[in-house]
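Residue 46 in this note's numbering sits at position 46 of the sequence shown; the count goes up by one each step and never skips. The C-beta atom is built at its ideal place from N, Cα and C for all residues, glycine as well. None of these values were measured; they are calculated from a predicted model. Comments concern the structure below.
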Amino acid sequence: MKKLSSLLLAGALVFSLSGTATAHDPPDFLGAVWAWPENALPVLDGDLGEWDILPPEFFITEVDVVQSDERPWNYVGDLDPSSLSFRWALAYNDETDRIYYVFEKYDDIHIGGETIEGVIDADHSGGTFWSIEGMTDEEAQRQKGRHAQTHHWAFDEGFSENWTWFWMTQGDWYRDPEWSQQAHRVDGTPGSNQEARTYAEWWQLYWDDYNWTSAEESILHDFEADQIIGVSVQVHDGDAEFTDDCNCWGRWTIGPNVESFGDADFLADFLLLPIDETVDFEDTAVEEDSWGRIKASVSR
């Protein structure tokens, strides 16, 4: 087992002194984005063993989230881990400019159609990525998702029509395997109202300027170490089919602010870390306390 290198910690400290970005939501939160080297990219096969190399501190779990306050029919009270438990983490590769995701979930009642909703503001520019009052229809189409993109991801073995859905856009070219790919497996039967465990890994590309008409008209983001990006990931969970009087559908996220769906000022901050040259990527584990120290240093 090996620690993240002292050089990585030093780099984080330099970053904190020279370019700390404006705090997003929650203002006292800083997440970590693991760096995959080109020769050790995870194979998308639904086997999450490769991700064991990440320290536990890189993962967001059910103990780190709160309930989104978007609608009054969401769950009331704390998340019950016997009903829903999960973990997710982010990683990136600076050669391919992909953001990688890993997600593992236990659900005691799988009703189908439960998704994960993720938003990334890659250039940390903030502000609205929704239409603005007074825009023409053409201007509104161009504005939606332009500088931050939001997707619903479904890993239910075909229960949902599409595994990735960028719901703001009229375009569908983003579903091409050139721009996003996934693999998952489910222990159990989606939509069966029985318990199930989901294991998913995928990658997505993001744009500084997304144009719904084509990739050729869009500008990809170049991910590099020491960048801060805006992130929101919401885990959806239902225990029955939705009705207006059913208090049985929840959205669990780092921060509860509902404006995150269309305003990047309300996304959480995540720091892209450099590759840790001391880690043997043939191994499957590193020390557990590394990110805690880096996070505390950057936050000061």
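| Roughly how many whole angstroms lie between the Cα atoms of W73 and W212? | Your numbering for residue 73 matches position 73 in the sequence shown. Your numbering for residue 212 matches position 212 in the sequence shown. With a pLDDT of 48 at W73, under the threshold of 50, the predicted position of this residue should be treated as unreliable, and no value is reported.
| request: Could you tell me which uninterrupted alpha helix (DSSP H) segments, each at least 4 residues in length, are contained entirely in the region 132 to 166, listed from first to last along the chain? | output: 137 to 143
| field | Spatially closest choice to F129 from T150, G250, D237, Q170, by CA coordinates | value | Within the sequence shown, residue 129 is the residue found at index 129, counting from 1. It is T150.
| said: Measuring alpha carbon to alpha carbon, tell me which residue in E178, T253, F266, P37 is nearest D64. | reply: By 1-based counting over the sequence shown, the position of residue 64 is 64. Measuring from the Cα of D64, the nearest candidate turns out to be T253.
| Nearest-angstrom Cα distance between G113 and H152? | Locating residue 113 in the sequence shown gives position 113, counting from the first residue. Locating residue 152 in the sequence shown gives position 152, counting from the first residue. If you take the alpha carbons of G113 and H152, they lie about 10 angstroms apart.
| field | Under 9 angstroms between C-beta atoms of W202 and Q170 | value | The residue labelled residue 202 in the question sits at position 202 within the sequence shown. The residue labelled residue 170 in the question sits at position 170 within the sequence shown. Going by C-beta atoms, W202 is not nearer than 9 angstroms to Q170.
| query | Counting Cβ pairs closer than 8 angstroms, one from the region 265 to 272 and one from the region 134 to 142, do we hit at least three? | reply | no
| field | Chain-order list of residues whose beta-carbon lies under 6 angstroms from that of F281 (same chain, five-residue window excluded) | value | In the sequence shown, counting from the first residue as 1, residue 281 sits at position 281. Closer than 6 angstroms at the Cβ level, and outside the excluded window around F281, lie A40.
| message | What does DSSP give as the partner residue(s) for Q182 in the beta ladder? | response | On the sequence shown, residue 182 is found 182 positions in, with the first residue counted as 1. In the DSSP output, where bridge partners are listed per residue, Q182 has W202.
| request: Please classify S232: is it buried, with 16 or more other beta-carbons within 10 angstroms of its beta-carbon, or exposed? | output: Translated into the one-based positions of the sequence shown, residue 232 becomes position 232. Its Cβ being crowded by 16 or more others within 10 Å, S232 is buried.
| Can you give the beta carbon distance from A148 to G230, rounded, assuming they're within the 8 angstroms contact cut? | Taking the sequence shown and counting its residues from 1, the one referred to as residue 148 is at position 148. Taking the sequence shown and counting its residues from 1, the one referred to as residue 230 is at position 230. With 8 angstroms as the limit, A148 and G230 qualify as a contact, their Cβ atoms being about 7 angstroms apart.
| request: Check F261 in the structure and name its three-state DSSP category. | output: Your numbering for residue 261 matches position 261 in the sequence shown. Three-state result, F261: helix.
| Assuming A196 contacts D209 under a Cβ cut-off of 8 angstroms, what Cβ separation, rounded to an integer in Å, is found between them? | As a first step, residue 196 is located in the sequence shown; it is residue number 196 there, counting from the start. As a first step, residue 209 is located in the sequence shown; it is residue number 209 there, counting from the start. Contact annotation, A196 with D209: C-beta distance approximately 39 angstroms; criterion of less than 8 angstroms not satisfied.
| Mapping DSSP to helix, strand and coil, what is E114? | Within the sequence shown, residue 114 is the residue found at index 114, counting from 1. It is coil, neither helix nor strand.
| task | Classify V43 as helix, strand or coil using the three-state DSSP reduction. | result | Stepping through the sequence shown from its first residue, residue 43 is reached at position 43. V43: coil per DSSP, three-state reduction.
| task | In angstroms with no decimal places, state the Cα-to-Cα distance between S214 and R142. | result | Here the question's residue 214 lines up with position 214 in the sequence shown. Here the question's residue 142 lines up with position 142 in the sequence shown. Taking the straight line from one Cα to the other gives about 11 angstroms.
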